[in-house]
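In the UniProt record's numbering, the protein residues as written are 1 to 623.
Don't be surprised by glycine CBs; every beta carbon is placed ideally from N, CA and C.
Bear in mind the structure is a predicted one, so any value in this text is a computation, not a measurement.
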Amino acid sequence: MSHEKGNLSIHSENIFPIIKKWLYSDHDIFIRELVSNGSDAILKLKKLVAMGEASVPENTQYKIQVILDEKNKIIKVCDNGIGMTGEEVKKYINQIAFSGAEDFLEKYKDKMDKDQIIGHFGLGFYSAFMVAEKVQIDTLSYQENAAPVRWICTGGTEYEMEDSDRSERGTTITLYVGEEGKEFLNEYKLRQILEKYCGFMPVEIYLETVQEKDKEEKEEPKPINDPHPLWLKHPNDCTEEEYKAFYRKVFMDFNEPLFWIHLNMDYPFNLKGILYFPKLKNEFDTIEGKIKLFNNQVFVADNIKEVIPEFLLLLKGTLDCPDLPLNVSRSFLQNDGYVTKISNYITKKVADKLTSLYKNQKDDYIKYWDDIHPFIKYGALREPKFYEKVKDIIIYKTINGDYVTLKEYLERNESKHKDKVFYVTDERQQAQYIKLFKDNNMEAVILNSNIDNPFISHIEMHESGISFNRIDADISEHLKAEDDKKDEAENKALQEKLEKIFKDNLNNQELKVQVENLKSENVSAMILLSEQSRRMEEMSKMFGGMNIPNMFPKEQTLVLNKNNKLIQTIAEKADAEEHKELIQMLCEQVYDLAMLSHEPLDSEAMNKFIDRSNLLLSKVAQF
Ligand SMILES: Nc1ncnc2c1ncn2[C@@H]1O[C@H](COP(=O)(O)OP(=O)(O)OP(=O)(O)O)[C@@H](O)[C@H]1O
1 MSHEKGNLSI HSENIFPIIK KWLYSDHDIF IRELVSNGSD AILKLKKLVA
51 MGEASVPENT QYKIQVILDE KNKIIKVCDN GIGMTGEEVK KYINQIAFSG
101 AEDFLEKYKD KMDKDQIIGH FGLGFYSAFM VAEKVQIDTL SYQENAAPVR
151 WICTGGTEYE MEDSDRSERG TTITLYVGEE GKEFLNEYKL RQILEKYCGF
201 MPVEIYLETV QEKDKEEKEE PKPINDPHPL WLKHPNDCTE EEYKAFYRKV
251 FMDFNEPLFW IHLNMDYPFN LKGILYFPKL KNEFDTIEGK IKLFNNQVFV
301 ADNIKEVIPE FLLLLKGTLD CPDLPLNVSR SFLQNDGYVT KISNYITKKV
351 ADKLTSLYKN QKDDYIKYWD DIHPFIKYGA LREPKFYEKV KDIIIYKTIN
401 GDYVTLKEYL ERNESKHKDK VFYVTDERQQ AQYIKLFKDN NMEAVILNSN
451 IDNPFISHIE MHESGISFNR IDADISEHLK AEDDKKDEAE NKALQEKLEK
501 IFKDNLNNQE LKVQVENLKS ENVSAMILLS EQSRRMEEMS KMFGGMNIPN
551 MFPKEQTLVL NKNNKLIQTI AEKADAEEHK ELIQMLCEQV YDLAMLSHEP
601 LDSEAMNKFI DRSNLLLSKV AQF
């Protein structure tokens, strides 16, 4: 075939269905697009006035009005911005995907901060056809002697242009709303979407209804938006009360936030915003954050995880990234280098803030810990860079009520148990073990939330040599009396003897028995539960679906304390036939007591335990 070069052609008849169906997923964004165009038009005019290239009457109040005429099914968006000449309408409106914004920026590129203008693609206006059957533009350019122009289109490829009766500078877009957009002909709904998308746009926006306009006495109208959101103010100029009020207003949360981070970056990219650390309502709260993403004060979406590191979605906040395109697909964002930079920057800022709190306001940091630890731990799990930055400021509450870092804990317990962390998951249930620890001057930390299980596995994986053991998983050498190893053969014989006594009397040959010489004489026995098998079981429960009984059989060990009078008596008297019945009762009682301080007994075991306790007591009472 001979070589050929050419231009691809687009049939304009085909473009409308595409715009209507695929360009924007939510119909309600038509309001965002039209109000943004009005806001752009006003900002352009302001710029020209500032440069001396246009003049407006003194005390001009720039504003956008959205007027709802429910009865006639009309929504109007009016601005008093730059307006368009007939030529400009032909160029920017008739040529789809030809953006006047880009044109304007090109012309004034040296004098204009490009981040202020919202439009880029030259498509936004056409989103009006997602809700309207017919769209009319009436516009008058700021230019001297410009004539007002009317443009009408009914959603096909034909348009009409004629003279307009508009007498004031600016543009009115009139939407004759069709079936597809009738939900927006409701004042409440319209206010809701205006507040959602335009709540912080830089120009005052008023919502009016035709009925209101006809009323004689009108209240002083209030704009629906706050044109000067707090995130744009310099952090040094913001007061604590302002931050709190902004939080209440935006997130409707009347609990005060714990603290916040004000992001204020101009170079090498533009990013402004405020991230709040919310207070958890109670310790079992699942954290539900919300990060609102804005582009130049125009709301884009909540919780876009392609831009914001996922763990930050547990916070509440607003982020304004003017360099992000408003309507590109999310998969594009995922691969965008700029997005990665933003994400890294935010992660770093959050880690820095936490570190500075830890270093400079330790008491506050500790006070906040219960509320912020799930966030920090989740962040550490999800984001290796975050983990590296915060790992030295992760603190642990000990059974004595103070807070330590992992390093501090390991250092001060090094002589007792090197590289080993003992922890408690339920202070009430494990009270016996805690007492044993306290009596022996030992220290354990409290890790009682859902995130702790995966979190400690994460630490074990990343900090070589360190292991976490629940307080009932292992007996520290430190709990044992020193003379334990005095006679190996004697010890072995006693171990075998007690093992047999308990296995036989409990009628359980599988039972694991371990004889130890514990410092605390009062403890007859305790149960140890293998750390690994317990964790496996908890994990499978947490992720659900794997509730096959005995999938991870509990690896329990009954530890008998040979330093305890009762155990010594059992060992001595077990062979005597006349004590057979009593020995069996005592073995069962010792086992149940050990179990009781480990987990609740099931109802059958509990009944037996109570009956046996009564029997034993009545035997004791025969004195
Ligand atoms: N209210 C208005 N006042 C003045 N000019 C307007 C107005 N609305 C639209 N225009 C002109 O029409 C052009 C096309 O608008 P459109 O909304 O389709 O695209 P855009 O705003 O440039 O980009 P985007 O697709 O990102 O919104 C604008 O760039 C602007 O020049």
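Going along the chain, which residues of its own chain have a beta-carbon closer than 6 Å to the beta-carbon of Ser-164, five neighbours each way excluded?
-> For this step, residue 164 is matched to residue 164 along the sequence shown. Contacts found: Asp-138, Pro-148, Val-149, Arg-150.
At 3 residues or longer, and completely inside the stretch 513 to 546: list those beta strand (DSSP E) runs for me, N to C.
-> If you keep only unbroken beta strand (DSSP E) runs of at least 3 residues inside the stretch 513 to 546, you get 525 to 529.
By the 10 Å Cβ neighbour count, where 16 or more other Cβ atoms means buried, how is Asp-611 classified, buried or exposed?
-> Walking along the sequence shown from the start, residue 611 turns up at place 611. Classification for Asp-611: exposed.
Counterpart residues of Trp-151 in DSSP-defined beta bridges = Start at 1 with the first residue of the sequence shown, and residue 151 comes out as number 151. Paired residues: Ile-137, Met-161.
Which value, in whole angstroms, describes the spacing of the CA atoms of Leu-558 and Ser-467?
-> Reading the sequence shown from its first residue, position 558 is the one you call residue 558. Reading the sequence shown from its first residue, position 467 is the one you call residue 467. Distance between the alpha carbons of Leu-558 and Ser-467 is about 22 Å.
For Val-515, the nearest candidate out of Lys-541, Gln-532, Lys-562, Lys-503 (CA to CA) = Looking up residue 515 in the sequence shown gives position 515. Answer by Cα proximity: Lys-562.
Burial state of Val-328 (16 or more Cβ within 10 Å) = As a position in the sequence shown, residue 328 is number 328, starting the count at 1. In this prediction, Val-328 scores a pLDDT of 49, lower than 50, which makes its location untrustworthy; the coordinate-derived value is nonetheless stated afterwards. Label assigned to Val-328: exposed.
Secondary structure at Ser-356, three-state DSSP: helix, strand or coil?
-> For the purposes of this step, residue 356 is taken as residue 356 along the sequence shown, with counting starting at 1. The answer is helix: DSSP assigns Ser-356 an H, G or I state.
Note down the Cα distance separating Ala-351 from Lys-316, rounded to an integer number of angstroms.
-> Within the sequence shown, numbered from 1, the residue matching residue 351 stands at position 351. Within the sequence shown, numbered from 1, the residue matching residue 316 stands at position 316. Distance between the alpha carbons of Ala-351 and Lys-316 is about 16 Å.
Taking Leu-232 as the reference, which of Asp-253, Glu-208, Glu-219, Asn-270 has the closest Cα?
-> As a working mapping, residue 232 is identified with position 232 in the sequence shown. It is Asn-270 whose Cα lies nearest to the Cα of Leu-232.
Look at the Cβ atom of Asn-264, then the Cβ atom of His-228, and state whether they are nearer than 9 Å.
-> What you label residue 264 is simply residue 264 of the sequence shown in a count that begins at 1. What you label residue 228 is simply residue 228 of the sequence shown in a count that begins at 1. No.
Give the DSSP-derived three-state secondary structure of Lys-182 in the structure shown.
-> Mapped onto the sequence shown, residue 182 falls at position 182. If DSSP states are grouped into helix, strand and coil, Lys-182 belongs with the helices.
With 16 as the cutoff for other CB atoms within 10 Å, does Asn-236 come out buried or exposed?
-> Here the question's residue 236 lines up with position 236 in the sequence shown. Asn-236 comes out exposed.
Can you check whether the CB of Cys-321 is closer than 9 Å to the CB of Ile-342?
-> Within the sequence shown, numbered from 1, the residue matching residue 342 stands at position 342. Within the sequence shown, numbered from 1, the residue matching residue 321 stands at position 321. In this structure, Cys-321 lies closer than 9 Å to Ile-342 by Cβ.
If we count the other Cβ atoms within 10 Å of its Cβ and call it buried at 16 or more, is Met-461 buried or exposed?
-> Taking the sequence shown and counting its residues from 1, one reaches residue 461 at position 461. By the 10 Å Cβ count, Met-461 comes out exposed.
Do Asp-173 and Val-135 have their CB atoms nearer than 9 Å?
-> Reading the sequence shown from its first residue, position 173 is the one you call residue 173. Reading the sequence shown from its first residue, position 135 is the one you call residue 135. For the sequence presented, residue 173 should be read as Ile rather than Asp. Yes, the pair counts as a contact, with Cβ atoms nearer than the cut-off.
Would you call the stretch 172 to 189 and the stretch 39 to 56 touching, i.e. three or more CB-CB distances under 8 Å?
-> Taking one beta carbon from each stretch, the stretch 172 to 189 and the stretch 39 to 56 have fewer than 3 pairs nearer than 8 Å; the two do not touch.
So which of Asn-469, Ala-571, Asp-452 has the shortest CA-CA distance to residue 627?
-> Residue numbering for the chain in the displayed model covers 1 to 623; residue 627 lies beyond these limits and cannot be assessed.
For Lys-290, write down the residues that DSSP places opposite it in a beta bridge.
-> One-based indexing of the sequence shown puts residue 290 at position 290. Bridge partners of Lys-290: Lys-316.
Would you decide whether His-262 is buried or exposed? Buried here means 16 or more other CB atoms lie within 10 Å of its CB.
-> Sequence index remark: in the sequence shown, residue 262 carries index 262 (1-based). His-262 comes out buried.
For Val-250, which residues from the same chain have a beta carbon less than 6 Å from its beta carbon, with the 5 sequence-adjacent residues on both sides left out?
-> Position 250 of the sequence shown holds residue 250. The beta carbon of Val-250 is closer than 6 Å to none in its chain, skipping five residues each way along the sequence.
Beta-carbon proximity check, Asp-319 vs Phe-259, cutoff 9 Å = In the sequence shown, the residue the question calls residue 319 occupies position 319. In the sequence shown, the residue the question calls residue 259 occupies position 259. Here the sequence assigns Leu to residue 319, which means Asp is not the residue at that position. Taking 9 Å as the cut-off, the beta carbon of Leu-319 is found no closer than this to the beta carbon of Phe-259.
Thinking C-beta only, is Val-77 closer than 9 Å to Gln-65?
-> Counted from its first residue, the sequence shown places residue 65 at position 65. Counted from its first residue, the sequence shown places residue 77 at position 77. Against a cut-off of 9 Å, the Cβ pair of Val-77 and Gln-65 comes out as a contact.
Please report how far the alpha carbon of Asp-402 lies from the alpha carbon of Glu-388, in whole angstroms.
-> To locate residue 402, count along the sequence shown from 1; it is residue 402. To locate residue 388, count along the sequence shown from 1; it is residue 388. Approximately 24 Å between the Cα atoms of the pair.
Asn-450 to Gly-156, Cα distance in whole Å?
-> Taking the first residue of the sequence shown as 1, we reach residue 450 at position 450. Taking the first residue of the sequence shown as 1, we reach residue 156 at position 156. C-alpha separation (whole angstroms): 57 Å.
From Glu-162, Glu-204, Tyr-126, Met-526, residue whose alpha carbon lies closest to that of Gly-81 = Numbered from 1 along the sequence shown, position 81 holds the residue referred to as residue 81. Here the closest residue by C-alpha is Glu-204.
Hey, is Asn-448 close to ligand 2, as in C-beta under 8 Å from one of its heavy atoms?
-> Ligands displayed in this structure: ligand 1; ligand 2 is not among them.
Alpha carbon to alpha carbon, what distance is there between Leu-280 and Lys-619?
-> Numbered from 1 along the sequence shown, position 619 holds the residue referred to as residue 619. Numbered from 1 along the sequence shown, position 280 holds the residue referred to as residue 280. Spanning the two alpha carbons is a distance of roughly 53 Å.
Indicate, with yes or no, if ligand 1 has a heavy atom lying under 8 Å from the CB of Ser-164.
-> In the sequence shown, the residue the question calls residue 164 occupies position 164. Not so, every heavy atom of ligand 1 lies at least 8 Å from the Cβ.
Within the present structure, is the beta-carbon of Thr-139 separated from the nearest heavy atom of ligand 1 by less than 8 Å?
-> Translated into positions along the sequence shown, residue 139 becomes position 139. Yes.
For the alpha helix (DSSP H) containing Ala-605, list its first residue and its last residue.
-> Within the sequence shown, the letter at position 605 stands for residue 605. Counting along the chain, the alpha helix (DSSP H) containing Ala-605 begins and ends at 603 to 620.
Look at the alpha carbon of Lys-353 and the alpha carbon of Leu-275, and state the distance between them as a whole number of angstroms.
-> One-based indexing of the sequence shown puts residue 353 at position 353. One-based indexing of the sequence shown puts residue 275 at position 275. When the Cα atoms are used, Lys-353 and Leu-275 turn out to be separated by approximately 11 Å.
Distance CB(Val-131)-CB(Cys-198) smaller than 9 Å = Position 131 of the sequence shown, counting from 1, holds the residue named residue 131. Position 198 of the sequence shown, counting from 1, holds the residue named residue 198. No, the Cβ-Cβ distance between Val-131 and Cys-198 is not below 9 Å.
First and last residue of the beta strand (DSSP E) that includes Leu-560?
-> For the purposes of this step, residue 560 is taken as the residue at position 560 of the sequence shown. Looking at the DSSP string, the run of the beta strand (DSSP E) that includes Leu-560 is 556 to 561.
Grouping DSSP H, G and I as helix and E and B as strand, with all else coil, what is Phe-284?
-> Position 284 of the sequence shown, counted from the start, is the residue given in the question as residue 284. Low confidence applies to Phe-284: its pLDDT is 48, below 50, so where it sits in the model is not reliable, and the reading given next is rough at best. Of the three classes helix, strand and coil, the one that applies to Phe-284 here is coil, per DSSP.
Neighbour flag for Thr-557 against chain D, beta carbons, 9 Å = Looking at the structure shown, chain D is missing, and only one protein chain is on hand.
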